[in-house]
Amino acid sequence: MPLALQAKGITKTYGGVKALTEVDIDVRAGEVMCLAGANGSGKSTLIKIISGVETADAGHIEMDGVDVGRPSVTDSIDLGIQVIYQDMSLFPNLTVAENIAMSARVKARSKVVRVQAARSIAARVVERLGLQLSLDEKVENISVADRQLVAICRALALDVKVLFMDEPTTALTWREIDSLSRVVEQLKADGVAIVFVSHKTEEVFMMSDRITVLRNGAVVKSGAAAEFTPDTLIESLLGYLPSEERQLSALPVEDKAPALEVHEIGRNDLFEGVSFEVGAGEIVGLTGLLGSGRSEIAESIFGILPIDTGEIRVAGQAKPIGSVQEGIEAGIGYVPEDRLTQGVILEQSIESNLIAASLDKVSGRGGFLDSGQMARASQHAVEKLGIKTDNPANPVSSLSGGNQQRVVLGKWMETEPSVLILNGPTVGVDAGSKAVILDILRLTAEQGTGILMISDDVPELVSVCHRVLFVRRGRMDGALEMDEVSPERIRERLDR
Amino acid sequence: MKAYTRRSRGARLRVHEIWDRYKGENHETALLLLILALLGVMAIVEPSALTMTFVGDIIRSGIVTLALALGLLLVIISGGMDVSFPAIAIFSGYATITVMNFFGVDGALWPFLLASIMGIALGSLNALFVARYRMETLIASLGTQVIIRGVLLAFIGSVYISTLPAQLDAIGASSIMRLGNSPVNILVLPVIALAFLVSWMLRKTMFGRSIYAIGGDRESARRVGIRVPSVQVRIYLIAGALAGFAGMVHVVLSRHASPFELVGTELNVIAAVVIGGALDSGGRGSVKGTVYGVLLISLVQNSLVRLGVSSYWHVLVVGVVVLVGVAIQAQASSREAKTTRILESTEASA
Ligand SMILES: Nc1ncnc2c1ncn2[C@@H]1O[C@H](COP(=O)(O)OP(=O)(O)OP(=O)(O)O)[C@@H](O)[C@H]1O
Ligand SMILES: [Mg+2]
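Structure, rendered in structure tokens:
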């Protein structure tokens with residue numbers, strides 16, 4: 008197979024941080040090359056350099072063996088390079104159809120545009136991928152998963168020669184991932200070169216023909232996917248192999264009121280008759296397919312979508328939670344699903360994001376913020392969560408995707424809530440950090456916090472949860488207790 | 555009891571559906587209702603005021619505001635803010651008259667063209683600071699506004715010009731029709747034409763869609779290959795041309811030229827555009843909404859005049875109207891965030 012794209016000697020530094028050091032990668036027409044690496048290893052930076060969004064300090068790109076230097080964004084689009092960016096890069100104020108058609112319009116250099124033409128471009132891609140998207144809805148009103156699908160559609164709306172997919176599946180479930188992998192097969196058959204980034208090991212092996220491993224901004228290994236096993240892959244990108252074993256935190260011995268009890272709660276059209284409890288110090292998993300209502304239940308408990316019926320008790324006391332403010336005051340912390348838009352303020356510093364939810368703890372006399380306290384609190388969180396940064400005063404946007412997620416986690420940990428609700432706490436996080444985060448959750452639980460963890464990730468549920476609850480179409484659908492929790496039994500219930 | 559609540563929920567749903575269908579892209583319908591409500595209040599408090607003359611007055615005072623608002627709309631949709639347009643407008647209008655008087659020439663059409671070209675030249679200052687030096691748009695326009703006013707007063711003139719060249723004055727006196735005692739000047743026609751043109755441009759040209767894209771997410775716009783600086787330059791040049799034209803319209807309608815006028819109207823214009831649905835965060839807004847916004851502001855001001863309220867109160871009242879309008883917008887867009895139905899049939903199992 009001919010080489011479609013080569014990047015040679017790519018080097019990039021941000022201030023003092025070396026993000027990439029003389030990186031060489033290549034990808035052939037008709038193959039899927041997986042770019043693997045821990046959070047902050049430079050995957051997204053490399054992709055942005057190839058697509059012209061960032062400029063490299065050194066190195067060049069070759070397309071079909073021809074040196075194209077360091078292309079600008081328009082050059083790279085004209086060369087047939089398309090990217091599904093990690094942050095999706097959509098236009099929230101425009102419709103799904105217009106978002107999908109935008110790159111095609113730009114590339115065609117059209118002067119006058121027609122709504123109908125945009126719709127038919129979009130409809131064609133959506134149909135080709137076998138998806139269901141409401142084309143006339145604005146992107147700001149659709150779910151995170153749908154946004155990710157829109158980003159995928161946009162990249163495929165054009166004739167593409169080299170396709171980069173930077174964690175395209177973080178918000179998707181097996182159903183959409185399955186249709187994505189069928190499209191990938193088809194693109195391969197059409198001779199498209201594909202570069203794929205994902206932290207989900209299963210997916211990497213399902214999709215890719217070849218794997219290139221980045222560690223700290225340098226290529227450490229590259230070879231056919233068959234030369235790797237899940238364990239050797241993780242070991243080569245981290246340098247060690249973290250444990251995924253089931254390891255439960257100790258439950259408190261004395262009798263404490265449950266951290267969270269919900270009794271027959273319901274909300275119009277979304278869910279009803281939902282009852283369960285999370286003991287102090289307990290980690291409870293809540294799972295179900297996308298669209299089962301699991302996220303909505305969590306959002307209701309926190310006050311984003313207040314309940315219509317039923318009762319919520321926190322640490323033994325009934326709490327009427329009608330707003331997020333009341334949720335926070337009741338002692339609930341919530342790490343949302345869509346962290347990049349709901350969880351952090353990208354332009355603000357890591358430090359101020361980390362303490363944003365716990366301002367009362369770092370304010371001194373008279374309610375003025377104590378800068379020493381602030382610095383100490385955020386420094387502590389940076390260390391505890393292993394956030395990779397050389398300066399906590401930098402904006403969150405300077406962090407890699409996975410590290411941005413840790414900031415949101417840290418923000419809520421700092422409030423020391425009675426109940427911590429996490430929606431997909433390790434989505435987009437590498438295997439090493441995942442182990443670290445799960446360990447932090449265990450520690451947090453041992454200090455008496457009740458944790459409700461919403462997750463699709465079966466190994467993760469098995470690894471930390473005392474109990475796993477299932478949701479199906481807005482109603483509770485059974486549970487697995489202590490020893491019953493195992494990968495097989497969770498999958499069996501989800502597949503029903 | 556149960557049947558009752560169920561029926562009322564059904565009714566509520568239907569109202570929502572109807573509202574969803576007619577509320578318009580930027581909640582224009584809510585604005586229209588607000589305008590009607592205000593008219594209703596006037597009908598009760600001062601019924602004698604609601605005459606065709608009143609309508610004519612509203613149109614007359616709205617026309618310059620609308621011409622100015624069209625340019626500002628482009629800037630606000632792209633995520634920026636501009637306060638220099640009144641300065642550009644009065645500079646272009648006043649300087650054109652000064653030039654005509656200096657050379658002793660007269661004309662009807664070309665002075666409007668000249669004023670627009672001056673507007674483009676002055677708008678290029680904004681373009682330079684914003685696109686080339688990447689300055690914050692509001693700050694850049696605060697700066698250019700001061701420069702433009704300074705140059706106007708220091709080099710062009712600071713005297714009141716009480717009579718316009720004959721042909722221009724004739725335009726100021728010619729009307730297409732009368733509404734009650736209020737003549738509707740012929741200049742509404744070009745302004746309405748411009749409104750249609752800008753509306754078409756925003757909806758149907760790649761340039762217009764790029765403005766929305768940049769306002770929605772600038773970095774995303776760059777990543778799909780939109781040349782952000784070039785779009786910004788064009789926005790500020792067009793906004794300059796519109797302001798220059800508006801300045802001339804103002805001068806001709808008032809039938810004199812004073813370098814001290816228009817300055818201070820930026821608040822009304824910004825209010826009209828923002829009430830019309832163009833939130834300052836960018837990416838939203840329409841000509842239709844802006845027209846309603848202009849009508850609303852103009853209605854409020856004329857009503858206050860009719861009610862004999864002292865002009866000191868006008869600013870305050872406009873401020874309140876802006877707050878109400880913006881609150882409606884914010885409320886409406888937060889309600890929009892929908893959740894899709896998950897439970898199949900609540901009733902069946904209840
Ligand atoms: N604009 C920036 N300013 C400063 N540092 C940056 C900037 N962008 C990226 N970096 C740094 O470059 C390094 C590589 O980041 P990159 O986003 O490429 O990581 P990644 O491999 O994509 O990680 P993830 O899996 O978490 O998405 C990180 O250390 C990050 O902090
Ligand atoms: Mg990344």
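Quick mapping for you: the protein sequence lines, in order, are chains F and A. In this text, residue positions in the first sequence follow this note's numbering: the first is 8, and each later residue adds one. In this text, residue positions in the second sequence follow this note's numbering: the first is 555, and each later residue adds one. All C-beta atoms, glycine included, are put in the ideal place defined by N, C-alpha and C.
Item	Value
CB contact check: residue 109 of chain F to chain A, cutoff 9 Å	yes
Proximal residues of chain A, C-beta to C-beta of residue 98 of chain F below 7 Å	767, 770, 771 and 774
First through last residue of the alpha helix (DSSP H) which encompasses residue 799 of chain A	782–808
Alpha helix (DSSP H) runs wholly inside the region 650–690 of chain A, at least 4 long, in chain order	664–681
Distance cut-off 8 Å: residue 5 of chain F Cβ against heavy atoms of ligand 1	Only positions 8 to 503 of chain F appear in this structure, which leaves residue 5 of chain F out of reach.
Cβ neighbours of residue 682 of chain A in the same chain (closer than 6 Å, five flanking residues each side left out)	none
Those residues which DSSP pairs with residue 321 of chain F across a bridge	F:267 and F:324
C-beta neighbour in chain F for residue 843 of chain A, strict 9 Å	no
Test item: CB-CB of residue 514 of chain F and residue 190 of chain F under 9 Å	Limits of chain F in this structure are 8 at one end and 503 at the other, which puts residue 514 of chain F out of reach.
Interface residues of chain A facing residue 319 of chain F [CB-CB closer than 9 Å]	Result: empty, since nearest Cβ-Cβ is about 19 Å, beyond 9 Å.
For residue 36 of chain F, three-class secondary structure by DSSP	coil
For residue 865 of chain A, the three-state DSSP class (helix, strand or coil)	coil
Interface positions of the region 736–764 of chain A facing chain D (Cβ-Cβ less than 7 Å), listed along the chain	Checking the listed chains, one finds no chain D in this structure; the protein chains it contains are F and A.
Residue 803 of chain A and residue 598 of chain A closer than 9 Å at C-beta	no
Complete alpha helix (DSSP H) runs within the region 400–465 of chain F (minimum length 4 residues, chain order)	408–420 and 438–453
Cβ-based contacts, 7 Å cut-off: residues of the region 60–94 of chain F near chain A	60, 80, 81, 84 and 92
4 or more residues per run - each alpha helix (DSSP H) lying fully within the region 590–639 of chain A	606–631
Check: residue 22 of chain F C-beta below 8 Å from any heavy atom of ligand 1	yes
Run of the beta strand (DSSP E) containing residue 11 of chain F, from where it starts to where it stops	10–21
Residues bridged to residue 212 of chain F [DSSP beta-bridge criterion]	None; residue 212 of chain F has no bridge partner.
Alpha-carbon to alpha-carbon, residue 36 of chain F and residue 196 of chain F	9 Å
C-alpha gap between residue 97 of chain F and residue 354 of chain F, whole angstroms	18 Å
Between the CA atoms of residue 680 of chain A and residue 405 of chain F - distance to the nearest angstrom	30 Å
Alpha-carbon spacing of residue 928 of chain A relative to residue 823 of chain A, whole angstroms	It is not possible to answer for residue 928 of chain A, since the shown part of chain A is limited to 555 through 904.
DSSP beta-bridge partners of residue 709 of chain A	According to DSSP, which records beta bridges pairwise, residue 709 of chain A is partnered with nothing at all.
Residue 495 of chain F burial status per 10 Å Cβ neighbour count (16 or more: buried)	exposed
Boundaries of the beta strand (DSSP E) in which residue 172 of chain F is found, first to last residue	169–173
Any non-hydrogen atom of ligand 1 closer than 8 Å to residue 52 of chain F Cβ	yes
Contact test: residue 174 of chain F Cβ vs ligand 2 heavy atom, cutoff 8 Å	yes
Beta-carbon proximity of residue 625 of chain A to residue 826 of chain A, cut-off 9 Å	no
Residue 504 of chain F: first and last residue of the uninterrupted alpha helix (DSSP H) it sits in	Residue 504 of chain F lies beyond the range of chain F shown here (8 to 503); nothing can be said about it.
Check: residue 408 of chain F C-beta below 8 Å from any heavy atom of ligand 2	yes
Three-state secondary structure assigned by DSSP to residue 44 of chain F	strand
heavy atom of ligand 1 below 8 Å from residue 759 of chain A C-beta	no
Interface residues of chain A facing residue 117 of chain F [CB-CB closer than 7 Å]	760
Buried or exposed (CB count within 10 angstroms, at least 16 for buried), residue 21 of chain F	exposed
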